[in-house]
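Same order as they appear, the protein sequences are chains X and B.
With full-length UniProt numbering as the guide, the letters of the first sequence map in order to residues 1 to 260.
With full-length UniProt numbering as the guide, the letters of the second sequence map in order to residues 1 to 260.
Built from N, CA and C at the ideal position, the CB exists for glycine as well.
Remarks on the structure that follows.
Number of protein chains: 2
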Amino acid sequence: MSALSPAQARRHIRSGDWSVTTAGLANGFAQTNLVAIPAAFADDFLRFCMANRACCPILDVTQPGDPIPHSLGKGIDLRTDLPRYRVYIDGLMSEEVTDVSAFWRDDLVSFSIGCSFSFEEALLADGVPLRHVEQGSVVPMYRSTIPLVASGPFGGSAVVSMRPMPPAAAIRAIQITSDMPSVHGAPLHIARPDLIGIDDLMQPDFGDPPTMEENDIAVFWGCGVTPQAALMSARIPFALTHAPGYMLITDIPNHKLKYR
Amino acid sequence: MSALSPAQARRHIRSGDWSVTTAGLANGFAQTNLVAIPAAFADDFLRFCMANRACCPILDVTQPGDPIPHSLGKGIDLRTDLPRYRVYIDGLMSEEVTDVSAFWRDDLVSFSIGCSFSFEEALLADGVPLRHVEQGSVVPMYRSTIPLVASGPFGGSAVVSMRPMPPAAAIRAIQITSDMPSVHGAPLHIARPDLIGIDDLMQPDFGDPPTMEENDIAVFWGCGVTPQAALMSARIPFALTHAPGYMLITDIPNHKLKYR
C-alpha cells in the first residue's frame, strides 16, 4: 500500500473500501489536515493561520461551497477522499464518519493544512533519527506557553510536537525543515522545555511519552493540533475536520515542498 | 574608520601608517585570516581545509609564489596589506612584523580563510544578540573533542567559538549561518558542552569567559583558530600567518557570502 499512487489510494478510500490511517500510504506524497468551516468564520481563521504559520501552514484554501482543493491534485473531492472525518457542533465533536457528503454546506470554506509527515520523510532520508518512528509510537505533543497571534474567535497558545535527537542532528533538522515552511518549517524551540511551560517531557498532552537517549536534546515544532484546538475553543457552531491520522493524500511529492 | 572603503583601509595599512586591529574597519566587507606555507605542504593543507570546512573555510588560494589573492579584490598584496603578521619557524612563533616582504619565498602558497566577523554582522543585522559584542569582550573559544579529518601532518580536533543566546535566536542563527558556508557556516554543536569535551564554559582556552543569561543556550561554531593550531602542531619548517585580530580586509561585501 505504500507504493500506491495518490490517485489509486484515494479511489480505494472514496469507494469506501478502506477506512484506514493514511500513515504509510502512497509514500512520498504530501498529506494534509482538513478544516472546513462556514464562510462567516473563514476570514478570521485564514488570518489566524497566516499569522501562526509554523503551527497552521495552509497548502490550499477553497472558495465557499467548493469541495475541490484545486492546487493539491486532480479529481480530489474533500467530501469523500479522506478515510475518516469528525463533525463538530458548537466546538464539541458530535460524530465520526467516513464521508461528509450528507453534512456538506454551500458556505463551507475548506483549509488543507500541511503535515509533519512530509518533513519527517525528509529528515529520515537525511539520516536524522526519529525516535517515535523507530519505536512505532505517536510523536509526543505538548500545550506550550508560546503565544499565538489571535484573530477573531481564534487564539490561545501553540501546541508543539517534540522529537529528541543529538545536537548535530538537531542542527541538520533545523536546516532541512527551514526550507519546508508549508509543512511547519523550522522548529519553534530547542533544548529548554522549561522555557515554554513544559515541566515534564514524559507527560505529553497528546501522543506517547518520548524516549530520550543520553545525548539527545529536545527539538520542538509547531503542531497541526494547534488549529484543531483553536477551532474547538472558539466553539464555532459547525465544523468538519479529518480524524487524527486519517488525512488527505495529495498529488504533491514531498520533495516539491522545499521552498514552498 | 568604519566607513572607509576596503581599498582606502588597505592603503593606510600598506603605507605603514596603521598597525591596528581590523575589527571595526571598513564595515560590511569580509576579512580573512592568512596562512602562507611552502608548496611542499600546501596540498596536504588544502585537503585538510576542504575536509574540515566548518573550521577552515577557504575563500582564496594562490599559485606558489604569487602574493596576489586574485578573487578577493583589486590590487591586494598579501605581503603588505595586513597590519600585522606572525612568522613561524618549526611550528614556533619567531616574530611579529608589519610587513612580510623580507620573508617572502617563491614557493609560498597563501590561503585566505573566511572569518566569523562576516556572519556576526549578519546575525546582528537580524537581531540575534551577541553577548561578547554587547560587552566588548573577545568571543570565548574552546578546544573540543570534535575530531578533524587528518591530511598529511595536519589533524587534531576542532577549536570552537561559543555564542550564548536564547533558543529561538539559536534557531535563527543556524538558519542564517547555514547559508554562509565560506565563513564557517552552520554551528557544529548546540546546548550540551559536555558532549564535546567542554567541562566548564567559564574557562575558555582562548578569548574571554562568556556571560550566559538565564534563558541562553550555548551555540558552538567551528573556529579559525583551528587551522592555526593544526599548523603549529604539524611543526612545519616555515609559515607566515596574520596576527590574531589583524586581518586582510577584502573587497567582498559580507552579504555576497550568502550561498558562497
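- Close CB contacts of I252(B) within its chain, under the 6 Å cut and outside five residues either way in sequence, are with A30 (chain order).
- Bounds of the alpha helix (DSSP H) holding M50(B) are A39 to A51.
- With a threshold of 16 other beta carbon atoms within 10 Å, D216(B) meets it and is buried.
- Restricting attention to P193(B), T226(B) and D194(B), the CA atom closest to the CA of F206(B) is found in T226(B).
- 9 Å or more divides the Cβ of I171(X) from the Cβ of I146(B).
- Closest in alpha carbon position to Y85(B), among G114(B), P209(B), C55(B) and Q228(B), is Q228(B).
- Within 9 Å of the CB of A191(X), the CB atoms of chain B belong to P167, A170, I190, A191, R192 and I217, in sequence order along the chain.
- Taking a C-beta distance under 9 Å as the contact criterion, P193(X) and A169(X) do not qualify as a contact pair.
- Under the 9 Å criterion on CB atoms, P164(B) is classed as non-interfacial with respect to chain X.
- Going by C-alpha positions, T211(X) is about 14 Å away from S161(X).
- At a cut-off of 4 residues, the continuous stretches assigned as alpha helix (DSSP H) that sit fully inside the region 126-187 of chain X are 131-135 and 167-178.
- Between Y142(B) and I198(B), the CB-CB gap stays under 9 Å.
- Not flagged as an interface residue toward chain X: L123(B), since no C-beta distance is shorter than 9 Å.
- According to the DSSP secondary-structure assignment, S110(B) is paired through a beta bridge with A36(B).
- Not a single CB atom of chain X sits nearer than 9 Å to the CB of P140(B).
- Where M93(X) is concerned, the enclosing beta strand (DSSP E) starts and stops at L92 to V97.
- A straight-line Cα-Cα distance of about 8 Å links M1(X) and A9(X).
- Residue contact with chain B for P181(X): absent (no Cβ-Cβ distance below 9 Å to any residue of chain B).
- In the DSSP annotation of this structure, the continuous segment of the beta strand (DSSP E) that includes T250(X) starts and ends at L248 to P253.
- Spatial neighbours of R14(X) in its own chain (CB-CB distance under 8 Å, excluding positions within 5 residues in sequence) are listed in chain order as D77, T80 and D81.
- Non-local C-beta neighbours of T21(B) in its own chain, meaning closer than 7 Å and more than five positions away in sequence, comprise G245 and Y246, ordered along the chain.
- For the alpha helix (DSSP H) assignment, the region 193-225 of chain B encloses no uninterrupted run of at least 4 residues.
- Inclusion of F48(B) and A122(B) in the CB contact set at 9 Å is not warranted, their separation being larger than that value.
- Between N254(X) and P57(X), the alpha-carbon positions lie close to 14 Å from each other.
- Contact of A186(B) with chain X by beta-carbon distance below 7 Å involves I171 and Q175.
- Around the beta-carbon of I89(B), fewer than 16 other beta-carbon atoms lie within 10 Å, marking it exposed.
- For R14(B), there is no enclosing beta strand (DSSP E); the residue is found in the alpha helix (DSSP H) stretching over P6 to R14.
- The beta carbon of W221(X) sits closer than 6 Å to those of S161, H184 and P187, all from its chain and outside the five residues before and after it, given in chain order.
- Around D106(X), the same chain offers G65 as residues with beta carbons nearer than 6 Å, after the five sequence neighbours per side are excluded.
- In its chain, beyond the 5 residues on either side, D77, L78 and R79 have a beta carbon closer than 6 Å to the beta carbon of P67(B).
- With its beta carbon at least 9 Å from every one in chain B, L201(X) lies outside the interface.
- Pairing I249(X) with E95(X), the inter-Cα distance amounts to about 22 Å.
- For a Cβ distance threshold of 9 Å, nothing in chain B lies close to S116(X): the least Cβ distance comes to about 17 Å.
- Against chain B, the CB of L195(X) has a partner CB under 9 Å away; the residue lies at that interface.
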